[in-house]
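J.: My questions will all concern the structure given below.
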Amino acid sequence: MKQVKFSKYSLQDKILVGTGYALIGLFVLAIIVPVLYIIVASFMDPVTLQNKGITFDFSKWTMTAYERVMTNSQIWVGFKNAVVYSVVFTVVSVAVTLLCAYPMSREDFRGRKFFNVIFMITMFFGGGLIPTYLLISNLGLLDSMWAVILPGAFSVWNMTIARTYYRGIPQDLREAADVDGANELVFFFKILLPVCVPIIAVLALWQFVGMWNSYFDAMIYLNDSAKQPLQLVLRSILIQNQPEPGMIADMQSTAQRAQLAELLKYATIIISSLPLLVMYPFFQKYFDSGIMAGAVKG
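Numbering (numbering that gives the first Met the number 0), first residue to last: 0 to 297.
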């Protein structure tokens, strides 16, 4: 059926569709090839990887990088902190966003236009790093996880998406709740939220991924290494080329340490990406419906 339909396209349409498929194919390759390279390189022998590059000769593969990463205590401390920060940030952020978006979606909410203007201003203008640091310091949040979680917990963009989703829900649902005598709290928590599972899943995925990949706030506000997330450990390995001392302490020569440090980069990338790869399929069924429903109606 699709082939017959495609054969009816004009020459210009065929060129356009073919170009689209070609661009999508190139885009997919641009993502898949580096990922495959990192996966294979993480299993390579350091000497072979440096001298010959990747190979599919399994006799040249080794689990050395994963063994050293998995046995390093700082990796696990950072991993635990990253999970805690991401989960708490997601819960706080989604809760604040949904609660704020609900009144902003109501036509009878007085001052709605005024707050809309205030929210829009914050999307284009910010206080900057130094005033924000001074604010966090004066609030006594330095070197605590709340310094990482609270400043970015509310997103105007996410609030706008949730508000648009609310507006797409039939007004009959609200009228039926009024007939049954439900107040605002009952309507919001028992009637509205169960209908909003797709948008909640989308916002949760966005916020979790955003916090999981974030390192800058932790680098600025956290001094205690026991509180630093996994991203700061990865930054030392990937950008500063400084693996944790315990990972390469037994290497005698500088060349061996450099070779192993290069291998550790790939292994840490894979390990840090696993939670997102495992989590995403569970949110996929909500993702398309949630993002489209929040984007069609304005």
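For each residue, glycine too, the CB sits at the ideal point set by N, CA and C.
Could you tell me the alpha carbon to alpha carbon distance between V178 and Q73, rounded to whole angstroms?
T.: Working through the sequence shown from its first residue, we reach residue 178 at position 179. Working through the sequence shown from its first residue, we reach residue 73 at position 74. In a straight line, the C-alpha of V178 is about 58 angstroms away from that of Q73.
J.: Please classify D249 as buried or exposed, where buried requires at least 16 neighbouring CB atoms within 10 angstroms.
T.: As a first step, residue 249 is located in the sequence shown; it is residue number 250 there, counting from the start. Any reading at D249 needs caution, since the residue's pLDDT is 49, under 50, leaving its predicted position unreliable; the model's value is listed next. Classification for D249: exposed.
J.: Classify M158 as helix, strand or coil using the three-state DSSP reduction.
T.: Residue mapping note: residue 158 aligns to position 159 of the sequence shown, counting from 1. Here M158 sits in helix by DSSP.
J.: What separation, rounded to the nearest whole angstrom, lies between the Cα atoms of I23 and Y8?
T.: For the purposes of this step, residue 23 is taken as residue 24 along the sequence shown, with counting starting at 1. For the purposes of this step, residue 8 is taken as residue 9 along the sequence shown, with counting starting at 1. In a straight line, the C-alpha of I23 is about 20 angstroms away from that of Y8.
J.: Just the C-alpha distance for Y279 and L204, rounded to the nearest angstrom, thanks.
T.: Here residue 279 is taken as the residue at index 280 of the sequence shown, counted from 1. Here residue 204 is taken as the residue at index 205 of the sequence shown, counted from 1. For Y279 and L204, the distance between alpha carbons rounds to 8 angstroms.
J.: Identify the residues that DSSP records as bridge partners of W75: which are they?
T.: Position 76 of the sequence shown, counting from 1, holds the residue named residue 75. Its beta-bridge partners do not exist; DSSP assigns none.
J.: Between which two residues does the alpha helix (DSSP H) containing T63 stretch?
T.: Walking along the sequence shown from the start, residue 63 turns up at place 64. Residues T63 to M69.
J.: For S224, which of P45, P197, S41 and W75 has the nearest alpha-carbon?
T.: As a first step, residue 224 must be located in the sequence shown, where it is residue number 225. Out of P45, P197, S41 and W75, W75 has the C-alpha closest to the C-alpha of S224.
J.: Between the region 187-201 and the region 149-169, do three or more beta carbon pairs fall short of 8 angstroms?
T.: Using a Cβ-Cβ distance cut-off of 8 angstroms, the region 187-201 and the region 149-169 are in contact, since at least three pairs of beta carbons, one from each stretch, lie closer than that value.
J.: Buried or exposed for I135, please, with buried defined as at least 16 other CB atoms from any protein chain shown within 10 angstroms of its CB.
T.: Counted from its first residue, the sequence shown places residue 135 at position 136. That one is buried.
J.: Under the rule that 16 or more other beta-carbon atoms within 10 Å means buried, what is V68, buried or exposed?
T.: Position 69 of the sequence shown, counted from the start, is the residue given in the question as residue 68. It counts as buried.
J.: Given that a residue counts as buried once 16 or more other Cβ atoms are within 10 Å of its Cβ, and exposed if not, what is D44?
T.: As a position in the sequence shown, residue 44 is number 45, starting the count at 1. Buried.
J.: Do the region 28-39 and the region 261-274 meet, that is, are 3 or more Cβ pairs less than 8 angstroms apart?
T.: yes
J.: By how many angstroms is the C-alpha of I53 removed from the C-alpha of Y20?
T.: Residue 20 sits at position 21 when you count from the first residue of the sequence shown. Residue 53 sits at position 54 when you count from the first residue of the sequence shown. Going by the C-alpha atoms only, they are around 30 angstroms apart.
J.: Is it buried or exposed, M210, if we count other Cβ atoms within 10 angstroms and call 16 or more buried?
T.: As a working mapping, residue 210 is identified with position 211 in the sequence shown. By the neighbour-count rule (16 or more Cβ atoms within 10 Å), M210 is buried.
J.: Quick one: Cα of T18 to Cα of R166, how far?
T.: The residue labelled residue 18 in the question sits at position 19 within the sequence shown. The residue labelled residue 166 in the question sits at position 167 within the sequence shown. So the alpha carbons of these two residues sit roughly 37 angstroms apart.
J.: Taking the C-alpha atoms as reference points, what is the distance between A175 and D107?
T.: Numbered from its first residue, the sequence shown carries residue 175 at position 176. Numbered from its first residue, the sequence shown carries residue 107 at position 108. Each residue's Cα considered, the two are about 18 angstroms apart.
J.: Kindly indicate the opening and closing residues of the alpha helix (DSSP H) around A146.
T.: As a working mapping, residue 146 is identified with position 147 in the sequence shown. Here the alpha helix (DSSP H) through A146 covers W145 to I148.
J.: Shortest alpha-carbon distance to S58 belongs to which of R173, V208 and F42?
T.: Here residue 58 refers to the residue found at position 59 when the sequence shown is read from its first residue. Here the closest residue by C-alpha is F42.
J.: Excluding the five sequence neighbours on either side, which residues of its own chain have a C-beta within less than 8 angstroms of the C-beta of T96, listed in chain order?
T.: Working through the sequence shown from its first residue, we reach residue 96 at position 97. So the qualifying residues of the chain are F153, S154, N157, M158, A161 and L202.
J.: Residue ranges of each alpha helix (DSSP H) run of no fewer than 4 residues wholly in the region 87-148, ordered along the chain?
T.: Correct list: 111-123, 128-137 and 145-148.
J.: Which residues in the same chain as A100 place their Cβ atom closer than 7 angstroms to its Cβ, once the five residues preceding and following it in sequence are excluded?
T.: Here residue 100 is taken as the residue at index 101 of the sequence shown, counted from 1. Closer than 7 angstroms at Cβ, skipping near neighbours: M158, A161, R162 and Y165.
J.: Leaving aside the five residues before and after Q206 along the sequence, list all residues of the same chain whose C-beta is less than 7 angstroms from its C-beta, in chain order.
T.: Your numbering for residue 206 matches position 207 in the sequence shown. Around Q206: F88, T89, S92 and V93.
J.: Check for me: the alpha helix (DSSP H) holding R26 runs from which residue to which?
T.: Position 27 of the sequence shown, counted from the first residue, corresponds to residue 26. Per the sequence shown, residue 26 should be read as Phe rather than Arg. Its alpha helix (DSSP H) spans residues L10 to S41.
J.: Between the Cα of K264 and those of P197, F215, A40 and L221, spot the shortest distance and give me the residue it belongs to.
T.: On the sequence shown, position 265 is the one that residue 264 refers to. Considering only alpha carbons, the answer is A40.
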